[in-house]
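Chemist: Numbering (our numbering), first residue to last: -7 to 581.
Glycine residues also receive a C-beta, built at the ideal position from the N, C-alpha and C atoms.
(1) So the beta strand (DSSP E) residue 379 belongs to, where does it begin and stop?
(2) Going by CA-CA distance only, name the one from 490, 548, 563 that's closest to residue 340.
(3) DSSP state of residue 555, grouped into three classes?
(4) Should residue 319 and residue 496 be called a contact, given that it needs their Cβ atoms to be closer than 7 angstroms?
(5) On a CA-only basis, which of 27, 140, 28, 123 is nearest residue 384? Give me that one, please.
(6) Roughly how many angstroms lie between the CA atoms of residue 428 and residue 373, to the nearest whole one?
(7) Buried or exposed for residue 247, please, with buried defined as at least 16 other CB atoms from any protein chain shown within 10 angstroms of its CB.
(8) Please identify the residue among 103, 227, 144, 137 whose C-alpha is closest to the C-alpha of residue 128.
(9) Between which residues of its own chain and residue 325 is the CB-CB distance below 7 angstroms, once the five residues before and five after are set aside?
(10) Going by alpha carbons, who is nearest to residue 161 out of 118, 150, 74, 434?
(11) What is the DSSP secondary structure of residue 484, reduced to helix, strand or coil?
(12) Answer yes or no: do residue 196 and residue 176 have a C-beta to C-beta separation smaller than 7 angstroms?
(13) Assign residue 239 to one of two classes, buried (16 or more other C-beta atoms within 10 Å of its C-beta) or exposed (fewer than that).
(14) What's the C-alpha gap between residue 286 and residue 262?
(15) Going by DSSP in three states, residue 162 sits in which element: helix, strand or coil?
(16) What do you reckon, are the CB atoms on residue 265 and residue 259 nearer than 7 angstroms?
(17) If I measure Cβ to Cβ from residue 298 and keep anything under 6 angstroms in the same chain, skipping five residues before and after, which residues do I get?
(18) Return the chain-ordered list of same chain residues with a C-beta closer than 6 angstroms to the C-beta of residue 269, the five sequence neighbours on each side being excluded.
(19) Assign residue 218 to one of three DSSP states: helix, strand, or coil.
(20) Express the C-alpha separation of residue 500 and residue 533 in angstroms, rounding to a whole number.
(21) Does the distance from the CB of residue 245 to the CB of residue 214 come in under 7 angstroms?
(22) Going by C-alpha to C-alpha distance, which of 459, 492, 420, 575 sits closest to residue 136?
(23) Among residues of its own chain, excluding the 5 on either side of residue 494, which ones have a beta-carbon nearer than 6 angstroms to its beta-carbon?
(24) Tell me whether the beta-carbon of residue 330 lies closer than 7 angstroms to the beta-carbon of residue 550.
(25) Report back the beta-carbon spacing between residue 186 and residue 179 to the nearest angstrom; my notes put them in contact at under 8 angstroms.
(26) Pull up the distance between the alpha-carbon of residue 539 and that of residue 379, whole angstroms please.
(27) Whose CA, out of 72, 63, 274, 578, lies closest to the CA of residue 126?
(28) Given that a residue counts as buried once 16 or more other Cβ atoms are within 10 Å of its Cβ, and exposed if not, what is residue 415?
(29) Could you tell me which uninterrupted alpha helix (DSSP H) segments, each at least 4 residues in length, are contained entirely in the stretch 271 to 324, listed from first to last along the chain?
(30) Please list, in chain order, all residues of the same chain as residue 445 whose beta carbon is under 7 angstroms from its beta carbon, the five residues on each side excluded.
(31) Pull up the CB-CB distance for residue 218 and residue 249, whole angstroms please, since I reckon it's below 8 angstroms.
(32) Under 7 angstroms between the Cβ atoms of residue 152 and residue 181?
(33) Helix, strand or coil: how does DSSP classify residue 342 here?
(34) Can you tell me whether residue 8 is buried or exposed, with buried defined as 16 or more other CB within 10 angstroms of its CB?
(35) Between the stretch 435 to 445 and the stretch 354 to 364, can you find at least three pairs of beta-carbon atoms closer than 8 angstroms?
(36) Taking DSSP as the reference, what is the three-state secondary structure of residue 409?
Here is the structure:
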């Protein structure tokens, strides 16, 4: 950790060397942003407590001001500060915000300390009256708490309130900070506010980005442009859509737009690849502006800033996406959403998408067989091990309440083995998340894993007795992983693709009795398999006999993705005037 000498800090403050002192604070905060700990020693805890105490007390002094040139950097550390404070007895910065709000120079310091963990409230619309650019910057920084804080009730409540803020001065796209935590993570809160958030973002992006095609009306309808920041073999997007594009390339010319920073991107399927050092270079390049593409395909809108921008530009006459992030763009310039007839709810489908829904036979994804060789790992504990392959943003407070009710039904010692991937690998998100979860569920029943790599993760998955799906945002590749290692899973089916795909996979695998459709059923089915070894072994036995290569990993339906493209090329002009209406259905042949 950076040297933080209290005597030096005191001297800088009393001598009026506030710019130097502010720089010292930034150095420490920058360290904690760049280095995420899985635990702190007593000495490190003392360091953090001392730093937070001095930092907050000096910030609360009216004669200490943050240089305007440092304002954005300080605001960008909003969640770093919030995470560190949550690990101290203070828990949040309420006490200091109450002092600072009375200062004449309150504005920047409030934006630095006012996070989703606070119970003190401000009228955030006032921020935009003071400085709309800094307020927009804060608006985006505040939302980053979704990765460490959704497990907390206060954070869930505040983020929902935050997402719904409206002001004509709010322009997150121009704020210069990552907008993905707003656009992407809004889905994980409750499955409702994301429609509002995405619609607003789409409008902002559309106003700021214009791509004028120079060949309008003369596009090659057999030429398909593709953009993804996730097209690598280890990523769920690649694992789900490789088979579709592999089939599509036989009938269409596939052209991939790649950023050079994506070094591990697999471009082997594509007929042509354009590589750019910067995204700004890409959107100005003649290959994108020429208008040659009849179709532009987005496998994963929302998982990168670049995909959000391109989806709000008209780069081809026909623009298509699919459940890479498993949810609608809610108002971009994407025309069609290709999904699976066997998964989508016929009742809710029209309400779930702003795009025209195209339903093809199957699940809307085709899973690649996991790149893992079974080694027969067995657990080393008598407890029932429940695999929980969840990113941190999937573990929101409402789901934790369900887990607490579930634990009350168990008659056996249970370990929730929670695999967080890299979702808490920044800003010291991990300890902030873990401490809040442990506070609610206790230490006895939780094991948390980060940074394992796929092989290490699958080895531990093999040891599990049972897996359970998260809700409201469920699993897809994680369900595949569990079935592949022959560990039964309990799913909770909802009314959206992302909480129905897991259930459909269980049906295909012959595990219909492992599907719940309500909170009570989800708790009861899980408790039944935890408490009854015989019932659990019966499900395992059935799963072990299932030929997954002919079911979960079958490529038979890949051709229907190509059939959907054929239909759109032939009928797009007719669809333009048809409105949103009922989904287009590609029949199985």
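Modeler: Concretely, from the data shown:
(1) 376 to 381
(2) 490
(3) helix
(4) no
(5) 140
(6) 25 angstroms
(7) buried
(8) 103
(9) 303, 304, 305, 306, 311
(10) 118
(11) strand
(12) no
(13) buried
(14) 16 angstroms
(15) coil
(16) yes
(17) 271
(18) 252
(19) strand
(20) 16 angstroms
(21) yes
(22) 420
(23) 461, 466, 467, 471, 483
(24) no
(25) 4 angstroms
(26) 22 angstroms
(27) 63
(28) buried
(29) 271 to 276, 278 to 281, 297 to 303
(30) none
(31) 7 angstroms
(32) yes
(33) helix
(34) exposed
(35) no
(36) strand
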